[in-house]
Amino acid sequence: MTDAQTNPNQENPTTQEVIDVASLQARIEALEKEVSEHKDAYLRATADYKNLKRRYDTERIELIGRASAAVLLKLLPVVDDLNRAMSSVTAEVAGSLWYGGFKLIPNKLQQLLDSEGVTTIATVDSAFDPNLHEAIAYEPSDAAHDGLVVAELQRGYLLRDKVLRPAMVKVGKAE
Amino acid sequence: MAKVLGIDLGTTNSVIAVIEGGEPTIIPNAEGQRLTPSVVAFSKTGERLVGQVAKRQAVLNPEQTVFSAKRFMGRKLSDATVQRDKLMVPYRLAAAENGDVTVTLTGRNYAIPEISAMVLQKLKLDAEAYLGEAITQAVITVPAYFNDAQRQATKDAGRIAGLEVLRIINEPTASALAYGIANRVNNQTIVVYDMGGGTFDVSILELNDDVYEVKSTNGDTHLGGDDFDERIVHHLMDVFQRDSGIDLQNDRTALQRMREAAEKAKMELSSLLKTEINLPFISADANGPRHLAVELSRAKLEALTADLVERSLTPVRQALLDAGLRAGEIDAVVLVGGQTRMPAIQDAVRGFFGKEPQKGINPDEVVAIGAAIQAGVLAGDVSNILLLDVTPLTLGIETSGGVMTPLIPRNSTLPTFKSQVFSTATDNQAAVEIHVLQGERAEARHNKSLGTFVLDGIPAAPRGAPQIEVTFDIDADGIINASARDKATDREQHITITAASGLTQTEVDQMVHAATLFADEDRRKRDVLALQNQIDSLMYSAQRALRNDPTISAERRANAEARLHEAQQAIDRADPVAIQTAIVEMTMVVHDLQNKHRPAPTPTSNETGRLPVIDDEPAVAPAKRLSLRDLLRRGRNE
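Chains A and B, in that order, give the protein sequences. Residue numbers for the first sequence follow my numbering, so the first one is 7 and each next one is one higher. Residue numbers for the second sequence follow my numbering, so the first one is 119 and each next one is one higher.
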């Protein structure tokens, strides 16, 4: 006679232990999964932060370098208009005392641009480069001038090594 | 932990975004721009150009510069819309073997997905450069009316560009996602009004259990911001012709300048009532140079474009009809596309639907942001988005004078933690009461009380001496653990508050709004309180000196009493200017009284010796008002 027959109310200790271990095992697995999810989320958040900080630091340096770009860009249309005015001066106006003073103004503006690191984009007779020039129109030309800038319609500028505003040009096109 | 890119592949411009730190962020392209023109070109030298550079040589190379490729995506050459749009583009289209539209460039036929893939590839490379990591997966948006073939073609474009397209989502759905409409009430009907540079789309969506169903779409494929610009340009040309007799229609440079100035003026008139279009030396005739200077008012602009705005409402009406809905039944209206910044458009939409349209996010970037959110969900970043909660209102404690001292500012991301050291208000104060408050007002009584607890057993000490560290610890679920610890004895008491103490979003908004309304008044009160506390200290010192020093002459005593009386009056009137004057007077009185004060040589005197005014420790608490050093009020056991 076995224990179970003589004493049916007594639980079999071995079975109970097995059950307990199994449920504990399941709990451990669930916890391990949770831990790994948390770890993953934490690592992501840390990585994001590190990346953001790295980018922030780089961008800040860049920003300081190009802080003046936005204002200079706004100034350019005024420079353009001054240049247009200068290029349409008649002999009569040129002889006036007033003009003698006025023509000093564009020079001053140019000096300001120079001191900020703004340079002019080479246009006429250069090869057309969409990185530097914006083609507004083309002009029939001979083979020699095909793809070359034949006229500058609006000056373009570089701020140190980056394009501040592309030049508006007319390009030769061989038919 | 690879990021999934959200891409708005637009007809005119494309935008990319990604989730970073739980927030959608627009990624600028290599040129530093947030918008990339959806233009591809093969230059004369065989170089492949994408984006702004491609646009710059379009005039020279019209047949090899492809723009608006999206109009032909997933379509057959024989389609009616293709035949119509074909006439408006200078590049040559041909049919593939299966009838699909192809573009003929440098002698070879390119499938439309191949063309768009070139744009996507540039976007992918620029994103990788910006983020510093490889991108292999993306979510791309398409118009809600795109059919299966068009969606598949878009997916193909992604694949060709080296991107696994995890999902194609509808542009209006992306917009709704961006505005977080998903997080709110169910069964919402949303209208998305999308007017960009060249096209106008209206979509009606219904949100059910996180699923967006497109009820209807409509639009005008040739109505956009460019049309508004053109109206201004025509107006300028008319005025100029009338004044100078010169027709600028054929002057390329003048047209270019006018177009740029027109767009700039249009944008300015969204916030200004009038602006000036100023183009000197626009042309020349026999008499000399000619200039254009035209003042344009918002009213004039609206008059010039009223029919365009009205025209946009026709597809809206049709879409409602198709969805079987009335304008009043719409729960939310979302504005997308740069042109929707125009007040006339916002007014028209508001008037039509009878509700304020959602427009807080940059309308050019809304769709990309929505795509990034969807991308983030698919990438598993959803945990970041969902769990990052914020405290809606500032949390703090009450300090002397009934003031709210903030500890954790509103909109702080949770979980968060803040510790600050406070002290006692009175001598021998044995207990402090920590009254936890929530709100933006300066006075404690105007804020919401979350709970109170007491820390007792503070050993006898002069006021201001004990160091009570008050800590607020809020977990990710918003549960606040407020504790106070006496650093000397290490005795601690704390209270747990569930932050969701019934404040609805409306209540929060009201409280924040009230705070801004009362900001000035609160600040004034705070300033008065600070002054009152200052005068208190001084009065106290003066009174103490008068009480304890028998050597003060009757004359000086009378003078001091008179100043004290004046000071009290100033306090009673709560007049900041009078209190300021009283402070100056009292400072002199105290200085005078103290200088005559000699340290008692005999041991019978219980004076503590010469100390600077502020640190004079009285044995008795000040009479009426609680001073600012009096930080934790209502100490027990006195």
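Even glycine gets a Cβ: it sits at the ideal position worked out from N, Cα and C.
Find the residues of chain A that neighbour B:Thr371, judging by a C-beta separation of less than 9 Å, and give them in chain order.
-> In the second sequence, the residue the question calls residue 371 of chain B occupies position 253. Below the 9 Å Cβ cutoff, chain A contributes Ile142, Ala143, Leu159, Gln160, Met174, Lys176 as neighbours of B:Thr371, in chain order.
Other residues of its chain near A:Asp152: CB distance less than 7 Å, five sequence neighbours each side excluded:
Position 146 of the first sequence, counting from 1, holds the residue named residue 152 of chain A. Same-chain partners within the cutoff: Gly178, Lys179, Ala180.
- Message: For the alpha helix (DSSP H) containing B:His353, name the first residue and the last one.
- Response: For the purposes of this step, residue 353 of chain B is identified with residue 235 of the second sequence, where counting begins at 1. 343-362 is the span of the alpha helix (DSSP H), which, as asked, contains B:His353.
Buried or exposed, going by whether 16 or more other CB atoms sit within 10 Å of the CB of B:Ala637?
As a first step, residue 637 of chain B is located in the second sequence; it is residue number 519 there, counting from the start. Looking at its Cβ environment, which holds fewer than 16 other Cβ atoms inside 10 Å, B:Ala637 is exposed.
key: Residue from B:Ala648, B:Met460, B:Glu232 whose Cα sits closest to the Cα of B:Pro475   = By one-based count along the second sequence, residue 475 of chain B stands at place 357. The residue with the shortest Cα to Cα distance from B:Pro475 is B:Met460.
inquiry  = Taking the straight line between their C-alpha atoms, what separation do you get for B:Gly343 and A:Thr52?
reply    = Taking the second sequence and counting its residues from 1, the one referred to as residue 343 of chain B is at position 225. Taking the first sequence and counting its residues from 1, the one referred to as residue 52 of chain A is at position 46. Separation of B:Gly343 and A:Thr52 (C-alpha to C-alpha, rounded to the nearest whole angstrom) is 42 Å.
*asked:* For B:Lys477, tell me which candidate among B:Phe470, B:Ile487, B:Ala489, B:Gln464 has the shortest Cα-Cα distance.
replied: Numbered from 1 along the second sequence, position 359 holds the residue referred to as residue 477 of chain B. Measuring from the Cα of B:Lys477, the nearest candidate turns out to be B:Gln464.
*Any beta-carbon of chain A closer than 8 Å to the one on B:Phe399?*
Position 281 of the second sequence, counted from the first residue, corresponds to residue 399 of chain B. B:Phe399 counts as touching chain A.
Exercise for review: Consult DSSP for B:Arg559 and reduce its assignment to one of helix, strand or coil.
Suggested key: To locate residue 559 of chain B, count along the second sequence from 1; it is residue 441. DSSP places B:Arg559 in coil when its eight states are reduced to three.
- Please go through the same chain and pick out, in chain order, the residues whose beta-carbon is closer than 6 Å to the beta-carbon of A:Phe134, but skip the five residues on each side of it. Reading the first sequence from its first residue, position 128 is the one you call residue 134 of chain A. Excluding residues within five positions, the ones whose Cβ falls inside 6 Å are Gly153, Val155, Val177.
> Between the segment 59-90 of chain A and chain B, which residues of the former have a C-beta closer than 7 Å to a C-beta of the latter?
Replying inline: Against chain B - using a Cβ distance shorter than 7 Å - the residues of the segment 59-90 of chain A are Asp87, Arg90.
- Is the Cβ of B:Ala380 closer than 8 Å to any Cβ of chain A? By 1-based counting over the second sequence, the position of residue 380 of chain B is 262. No, B:Ala380 does not count as interfacial toward chain A.
(Q) Quick check: the Cα distance between B:Pro660 and B:Arg609, rounded to an integer number of angstroms? (A) On the second sequence, residue 660 of chain B is found 542 positions in, with the first residue counted as 1. On the second sequence, residue 609 of chain B is found 491 positions in, with the first residue counted as 1. Here the sequence assigns Ala to residue 660 of chain B, which means Pro is not the residue at that position. Cα-Cα distance, rounded: 36 Å.
request  = Using only alpha-carbon positions, find the residue among B:Thr523, B:Pro146, B:Leu223, B:Gly314 that is nearest to B:Ala247.
outcome  = Here residue 247 of chain B corresponds to residue number 129 of the second sequence, with the count starting at 1. If we check each option's Cα against that of B:Ala247, B:Pro146 comes out closest.
Q | Interface flag, B:Glu138 vs chain A, CB-CB below 8 Å | A | For the purposes of this step, residue 138 of chain B is taken as residue 20 along the second sequence, with counting starting at 1. Yes, because at least one Cβ of chain A sits closer than 8 Å to the Cβ of B:Glu138.
Contact belief for B:Ala600 with B:Ile615 at Cβ below 8 Å, rounded distance in angstroms: Within the second sequence, residue 600 of chain B is the residue found at index 482, counting from 1. Within the second sequence, residue 615 of chain B is the residue found at index 497, counting from 1. With a Cβ gap of about 7 Å, B:Ala600 and B:Ile615 count as contacting.
Report the three-state DSSP secondary structure of B:Glu141 (helix, strand or coil). As a first step, residue 141 of chain B must be located in the second sequence, where it is residue number 23. Annotated three-state conformation of B:Glu141 is strand, per DSSP.
task = Please name the residues in the segment 115-137 of chain A whose beta-carbon is closer than 8 Å to at least one beta-carbon of chain B, in chain order.
result = Phe134, Pro136, Asn137
> Roughly how many angstroms lie between the CA atoms of B:Pro730 and B:Leu525, to the nearest whole one?
Replying inline: Against the second sequence, residue 730 of chain B aligns to sequence position 612. Against the second sequence, residue 525 of chain B aligns to sequence position 407. At B:Pro730 the pLDDT is 18, less than 50, meaning the model places this residue with poor confidence and gives no usable figure here.
How about B:Val521: is its C-beta nearer than 8 Å to some C-beta of chain A?
Your numbering for residue 521 of chain B matches position 403 in the second sequence. Chain A contact via Cβ: absent.
Pick from B:Ile597, B:Ile134, B:Ser537, B:Val452 that is closest to B:Gln585, judged by C-alpha positions: Numbered from its first residue, the second sequence carries residue 585 of chain B at position 467. If we check each option's Cα against that of B:Gln585, B:Ser537 comes out closest.
**Message:** Can you give me the C-alpha to C-alpha distance between B:Glu324 and B:Pro481, rounded to a whole angstrom?
**Reply:** Here residue 324 of chain B refers to the residue found at position 206 when the second sequence is read from its first residue. Here residue 481 of chain B refers to the residue found at position 363 when the second sequence is read from its first residue. Whole-angstrom Cα-Cα distance: 21 Å.
**Request:** In the DSSP assignment, find the alpha helix (DSSP H) that holds B:Glu165 and state where it starts and stops.
**Result:** Taking the second sequence and counting its residues from 1, the one referred to as residue 165 of chain B is at position 47. Premise fails: B:Glu165 is in no alpha helix (DSSP H) and is neither H nor E.
Contact with chain B by A:Tyr55, beta-carbon distance below 8 Å: Looking up residue 55 of chain A in the first sequence gives position 49. Yes, its Cβ sits closer than 8 Å to a Cβ of chain B.
For B:Glu215, the nearest candidate out of B:Asp440, B:Ala229, B:Gln547 (CA to CA)
Position 97 of the second sequence holds residue 215 of chain B. The shortest C-alpha separation from B:Glu215 is found at B:Ala229.
**Report entry** Sequence ranges, alpha helix (DSSP H) only - wholly within the segment 175-260 of chain B, length at least 4
**Finding:** 198-204, 230-249
Along chain B, which residues have their Cβ under 9 Å away from the Cβ of A:His139? If you number the first sequence from 1, residue 139 of chain A lands on position 133. In chain order: Arg174, Gln175.
Check your understanding: What first and last residue would you give for the beta strand (DSSP E) that runs through A:Phe134?
Key -> Residue numbering aside, residue 134 of chain A sits at position 128 when the first sequence is read from its first letter. That residue, A:Phe134, is in no beta strand (DSSP E); it is neither H nor E in DSSP.
Checklist entry - Can you list, in chain order, the residues of its chain whose CB lies under 7 Å from that of B:Leu390, leaving out five sequence neighbours each side? => result By one-based count along the second sequence, residue 390 of chain B stands at place 272. Cβ within range, chain order: n/a, list empty.
- Query: What do you get for B:Lys333, buried or exposed, if any count of 16 or more other CB atoms within 10 angstroms of its CB means buried?
  - Reply: Position 215 of the second sequence, counting from 1, holds the residue named residue 333 of chain B. So B:Lys333 ends up on the buried side.
inquiry  = Does the contact criterion of 3 or more C-beta pairs under 8 Å hold for the segment 283-300 of chain B versus the segment 308-326 of chain B?
reply    = yes
**Request:** Report yes or no: is there a C-beta of chain B within less than 8 Å of the C-beta of A:Ser102?
**Result:** To locate residue 102 of chain A, count along the first sequence from 1; it is residue 96. It does not; no Cβ of chain B falls within 8 Å.
- Name the chain B residues that come within less than 9 Å of A:Gly153, Cβ to Cβ? In the first sequence, the residue the question calls residue 153 of chain A occupies position 147. Result: Lys162, Thr163, Leu178.
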